[in-house]
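Numbering (my numbering), first residue to last: 241 to 657.
Dropping the structure here:
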């Protein structure tokens with residue numbers, strides 16, 4: 241069985257306590273009922289607590305929780321929050337004995353990693369610290385592998401966070417030995433403690449001389465564009481037109497993979513280390529997350545990063561709160577946008593009285609807008625003239641006229657033989 245869950249706690253012995261997402265509504269109902277029934281202080285008179293005795297616990301947030309005495313004695317007792325798994329030392333005045341809710345099974349499930357043996361046969365403190373930092377309050381995917389011998393035992397599971405196998409990750413960090421490490425080859429890309437994902441793959445390009453359909457997804461200047469080689473995909477958001485129904489299977493897979501990641505994006509860790517060209521997920525203005533790569537740090541207080549959306553070619557400067565680690569399975573799909581230079585024309589003679597593109601002053605802003613009108617939302621075709629040193633193409637309208645001829649006619653560009 242496979243299901244989504246939230247990790248409520250990682251015990252000192254490495255036990256992973258999970259609350260299935262399907263349990264959340266019932267747990268919230270129970271918590272509301274407990275708050276309504278217990279509006280008192282804890283038990284103030286002396287009481288002889290017994291090991292395993294049921295109680296309610298007043299937490300540090302002043303809410304009451306179901307608990308179980310793990311170790312009695314003294315002015316404080318060791319108590320386990322049975323719906324969350326964590327164990328704390330609690331003063332007696334914050335406890336109250338009750339059998340009101342003992343018929344309801346605990347909502348959290350204690351788990352252990354399937355066929356995973358910690359170094360030294362028990363989880364060392366640094367390994368437990370790592371598990372707690374990685375998992376606490378995170379949404380994860382659980383694959384049940386083996387049921388416990390008794391109802392109170394630990395469920396044997398494979399756990400995935402951000403598409404990554406936890407057993408493989410902990411094995412790579414040398415905290416344990418696991419029989420099944422399907423992600424270990426990908427994890428060998430780690431440098432120290434910092435993940436360094438590989439680069440994105442470029443799509444295969446058509447043979448030079450062949451004509452093929454394209455859409456322009458982003459313009460840097462009239463001469464430098466990003467093109468999408470397969471116009472049937474619904475990935476193109478900037479200049480896309482609606483109505484194309486057929487999708488290449490690989491693009492469908494990428495689209496589905498991105499949808500999956502967007503549903504579970506809260507379980508993906510934020511980026512804490514930054515390298516040029518590093519793949520990542522970035523939140524766009526529409527609130528969705530897309531594949532991107534880091535380019536440079538643009539601001540320092542607060543930190544803002546220049547990124548490029550690799551499936552569109554567009555750029556954005558974003559705060560670090562909009563950057564997350566990219567699951568490795570999203571890196572197997574080639575980027576959808578390819579940078580290309582357009583051949584056959586050059587800027588018109590420089591006129592300092594005309595507003596220029598700041599980062600590309602040889603071109604006027606008017607020329608950029610004119611080129612946008614020529615390509616926006618249109619089905620175009622292209623032919624590759626050269627693959628190196630840079631991809632250079634001729635870009636045609638649907639009537640096979642060169643796109644740049646409109647700029648020539650307007651006096652915004654000149655022919656370049």
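Every residue gets a Cβ at the ideal spot worked out from N, C-alpha and C, and that includes glycine. Given the structure is predicted, the values throughout are model-derived calculations rather than measurements.
Could you give the first and the last residue of the continuous beta strand (DSSP E) run that contains residue i?
| i | result |
| --- | --- |
| residue 349 | 349-353 |
| residue 544 | 543-549 |
| residue 635 | 632-636 |
| residue 623 | 620-626 |
| residue 594 | Counting along the chain, residue 594 falls outside any beta strand (DSSP E), and DSSP gives it neither H nor E. |
| residue 581 | 577-582 |
| residue 280 | Taken as a continuous stretch (DSSP letters only), residue 280 belongs to no beta strand (DSSP E), as it is neither H nor E. |
| residue 654 | 653-655 |
| residue 587 | 585-587 |
Helix, strand or coil for residue i, going by three-state DSSP, please let me know.
| i | result |
| --- | --- |
| residue 569 | helix |
| residue 615 | helix |
| residue 288 | coil |
| residue 431 | Annotation note: pLDDT 35 at residue 431 (below 50); position unreliable, no value reported. |
| residue 272 | helix |
| residue 518 | coil |
| residue 560 | helix |
| residue 537 | strand |
| residue 460 | coil |
| residue 466 | strand |
| residue 607 | helix |
| residue 441 | coil |
| residue 315 | coil |
| residue 257 | strand |
| residue 300 | coil |
| residue 330 | strand |
| residue 475 | Low local confidence applies: a pLDDT of 38 at residue 475 is under 50, so the model's placement there is unreliable, with the coordinate-based value given in what follows. Coil at residue 475, not helix or strand. |
| residue 529 | strand |
| residue 501 | helix |
| residue 397 | strand |
| residue 387 | coil |
| residue 486 | Low confidence applies here, because residue 486 scores a pLDDT of 34, under 50, leaving its location unreliable and the question unanswered by this model. |
| residue 262 | helix |
| residue 480 | Bear in mind that a pLDDT of 34 at residue 480, under 50, signals an unreliable position, so the number given afterwards is only what the model happens to contain. Coil. |
| residue 426 | Its pLDDT being 42, under 50, residue 426 is placed unreliably in this model, and the value from its coordinates should be taken loosely. Note: residue 426 maps to helix in three-state DSSP. |
| residue 496 | helix |
| residue 436 | Low confidence applies here, because residue 436 scores a pLDDT of 45, under 50, leaving its location unreliable and the question unanswered by this model. |
Tell me which same chain residues have a C-beta within less than 8 angstroms of the C-beta of residue i, skipping the five on either side of it?
| i | result |
| --- | --- |
| residue 337 | 283, 287, 289, 293, 294, 295 |
| residue 489 | Caution applies to residue 489, whose pLDDT of 46 falls short of 50 and renders its modelled position unreliable; the value that the coordinates give is listed next. Counting only Cβ-Cβ distances below 8 angstroms, and skipping sequence neighbours, we find nothing. |
| residue 440 | 519, 531, 533, 550, 571, 574, 575 |
| residue 333 | 281, 282, 283, 284 |
| residue 444 | 574 |
| residue 593 | none |
Considering just the uninterrupted stretch of the alpha helix (DSSP H) at residue i, what are its terminal residues?
| i | result |
| --- | --- |
| residue 241 | Looking at the DSSP string, residue 241 is not in any alpha helix (DSSP H), and its letter there is neither H nor E. |
| residue 510 | Run containing residue 510: none; DSSP gives neither H nor E here. |
| residue 646 | 645-649 |
| residue 407 | 406-412 |
Under the assumption that residue i contacts residue j (Cβ atoms under 8 angstroms), give the Cβ distance between them as a whole number of angstroms.
| i | j | result |
| --- | --- | --- |
| residue 632 | residue 580 | 7 angstroms |
| residue 326 | residue 395 | Residue 326 to residue 395, Cβ: 18 angstroms. No contact. |
| residue 547 | residue 558 | 6 angstroms |
| residue 577 | residue 634 | Not confirmed; about 19 angstroms, so no contact. |
| residue 448 | residue 625 | 7 angstroms |
| residue 250 | residue 375 | 6 angstroms |
| residue 299 | residue 322 | The pair is not a contact, with the Cβ atoms about 13 angstroms apart (cut-off 8 angstroms). |
| residue 390 | residue 246 | Contact flag wrong, Cβ pair sits at about 25 angstroms. |
Sorted by chain position, which residues of the same chain lie with C-beta nearer than 7 angstroms to residue i's C-beta, five sequence neighbours on each side aside?
| i | result |
| --- | --- |
| residue 370 | 413, 415 |
| residue 502 | 528, 529 |
| residue 462 | 603, 607, 608, 611, 647, 653 |
| residue 511 | 520, 560, 563, 564, 565 |
| residue 398 | 354, 383, 385, 405, 407 |
| residue 278 | 296, 304, 336 |
| residue 644 | 582, 584, 585, 653 |
| residue 621 | 451, 452, 453, 454, 636 |
| residue 650 | 610 |
| residue 538 | 544, 545, 546, 557 |
Might you give, ordered along the chain, the residues of its own chain that have their beta carbon closer than 6 angstroms to the beta carbon of residue i, omitting 5 neighbours on each side?
| i | result |
| --- | --- |
| residue 654 | 586, 588 |
| residue 358 | 416 |
| residue 372 | 250 |
| residue 248 | 257, 259, 324, 325, 348 |
| residue 460 | none |
| residue 243 | 260, 382 |
| residue 329 | 316, 318 |
Complete alpha helix (DSSP H) runs within the stretch 333-384 (minimum length 4 residues, chain order)
Complete alpha helix (DSSP H) runs here, min 4: 365-375.
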